[in-house]
Amino acid sequence: MRTLLACTTLMLLPLSALANDAPCRFTENRDLQLDLGGAKTLVIEVNQHDLHVEAGSGPARLSGRACASNADWLRDLTLTQRHSGDKLVVSLRREGKRGLVVGNNYAWLDIRGSVPADVMVQLKVGSGDAHIEGAKSLSVDLGSGDADALRTQGSVHATVGSGDLLIDGAESLNLLSVGSGDANVSNIRRDVTVGSIGSGDVDLRDIGGDLRIDSIGSGDTDVRQVRGNVEIGVVGSGDTGLRDITGNLRVGSHGSGDIKADGVGGNLTVERSGSGDVRHSGVRGTVSLPRGK
């Protein structure tokens, strides 16, 4: 295993020179030519930093700047790569963590660049922000930050903690879990599978295949324009809205949250229901609800 450090060029600039940008009193350039020889997957550890990449035919390269309120902290901000089996792991890190980064104290990386369109990409985002376009296939592990994934060629796998996830365009989606964060999903060409939704809100629209949601907790879920069937295992106390479903809609268990279905091309079935309301309109097939609903 080897580590390749990005080259750095020191440029100490006053705050006024970057007044129209994010805070960056002191800055150094960062530049990294990606060594993808033999790698099938590119893993990018974004951590608390900012990343903006596009997949395409251009050079596999990342560049940007390290920003800090203290010039001594610049040396701690590193952009590195290492090989691990058939993976190339790129890390945006703050080493050492000297000084407390709160208030007017800051130290962060702002990295942009391009990656090949024929490698799988895995993003690990802590409290930072990540934006990626055109990846072959994508995996996103999101903590408290933000992540945007646009025009993914193949499948997307994702988990969300307390951050915000946006996915616009993919072949299929496996959203393993959403905690207290939010997920906004659109333009998925085939099936979408969602594991558990906690207290966060989830918006799903324009799905070309089937949609399966295992469980919804206290968060709100909005589903629109599904060209296949929709199946939801458990709805807790959150509200669930469903509109323009081409196929059947089935809910296994329903608690205190409300369900509203509008425009179902097939059958509507709710097997078990608690204190919440079930409202429906425009159902072309049969409607099967528990007694009293």
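Under mature numbering (1 follows the signal peptide of the UniProt record, and there is no 0), read the sequence shown as residues -19 to -1, 1 to 274, first letter to last. Backbone N, C-alpha and C define an ideal beta-carbon position, used for all residues, glycine too. Bear in mind that the values here come from a model prediction, so they are computed numbers and not experimental data.
Between R11 and S50, the CB-CB gap reaches or exceeds 8 Å. For D225, the enclosing beta strand (DSSP E) covers residues T221 to I226.
Within the stretch 227 to 263, the runs of beta strand (DSSP E) that reach at least 3 residues and sit entirely inside it are, in chain order, 230 to 235, 240 to 245 and 249 to 254. Here K21 is exposed, its C-beta having fewer than 16 other C-beta atoms within 10 Å. For H112 and D145, the gap between their C-alpha atoms comes out near 12 Å.
Looking only at P271, N155 and I169, the smallest Cα-Cα distance to D149 is reached by I169.
Nearest Cα to L157 within the set V166, V141 and D172: V141. If you look at R193, you'll find it in the beta strand (DSSP E) that goes L192 to I197.
Checking the DSSP bridge columns, you'll see V137 partnered with L119 and L154. Distance from the CA atom of V96 to the CA atom of L154, rounded to whole angstroms, is 21 Å. Annotated as distal: A36 and G109, with beta-carbon spacing of 8 Å or more. Relative to the Cα of V102, the nearest Cα in the group G135, L73, R74 and L60 belongs to G135.
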